[in-house]
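Okay, structure first, notes after.
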Amino acid sequence: QVQLVESGGGLVQPGGSLTLSCAASGTISSISIMGWYRQDPGKERELVATITSGGLTTYLDSVKGRFTISRDNAKKMVFLQMNSLKPEDTGVYYCNYRTPLLPKYDYWGQGTQVTVPS
Numbered sequence: 170q171v172q173l174v175e176s177g178g179g180l181v182q183p184g185g186s187l188t189l190s191c192a193a194s195g196t197i198s199s200i201s202i203m204g205w206y207r208q209d210p211g212k213e214r215e216l217v218a219t220i221t222s223g224g225l226t227t228y229l230d231s232v233k234g235r236f237t238i239s240r241d242n243a244k245k246m247v248f249l250q251m252n253s254l255k256p257e258d259t260g261v262y263y264c265n266y267r268t269p270l271l272p273k274y275d276y277w278g279q280g281t282q283v284t285v286p287s
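Each number in my numbering comes from the position in the sequence shown (counting from 1) with 169 added on.
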């Protein structure tokens, strides 16, 4: 069982920055993928960024160059540094942990709200 707790959301003006943190508890596999997803009301949840336990990253095209995902395997944490925020970045940001190999696990945090007013 893995529990994920996000923090760091809030209200920020366009062009501002925020750093989201996600703390995992429980047993973390040595081969895992952690990521951030976001969801706006009425829209589907979308992948923002992922990072493997080896440090490989992927990003949503619209956040490339502005967001940076990182993780601290020893502390079982993942971070999302968000710069140059735009109103379209508004949403609930969810932390995700999953294992690509058997046994497969897929866990979600409760989400943290990020609001960038237009």
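We treat Cβ as the ideally placed atom computed from N, Cα and C, and that holds for glycine.
Only a predicted model underlies this, so the values are computations on that prediction, with no experimental measurement involved.
How would you call glycine 179, buried or exposed, if buried means at least 16 neighbouring beta carbons within 10 angstroms?
exposed
Determine the DSSP secondary structure at valine 285, reduced to helix, strand or coil.
coil
According to DSSP, which residues form a beta bridge with glutamate 175?
Cys191
Runs of beta strand (DSSP E) lying entirely within the stretch 186 to 270, each at least 3 residues, in chain order
187 to 195, 202 to 208, 215 to 221, 226 to 228, 236 to 241, 246 to 251 and 260 to 267
Which class does tyrosine 274 belong to by DSSP, given the choice of helix, strand or coil?
coil
In whole angstroms, give me the CA-to-CA distance for isoleucine 238 and isoleucine 220.
7 Å
Classify threonine 188: buried if its beta carbon has 16 or more other beta carbons within 10 angstroms, exposed otherwise.
exposed
Arginine 267 vs serine 199 beta-carbon contact at 9 Å
no
Cβ-based burial, aspartate 275 [other Cβ within 10 Å; buried from 16]
By the neighbour-count definition (other C-beta atoms within 10 Å, threshold 16), aspartate 275 is an exposed residue.
Could you check whether alanine 193 and methionine 246 sit closer than 9 Å to each other, using their CB atoms as the reference points?
yes
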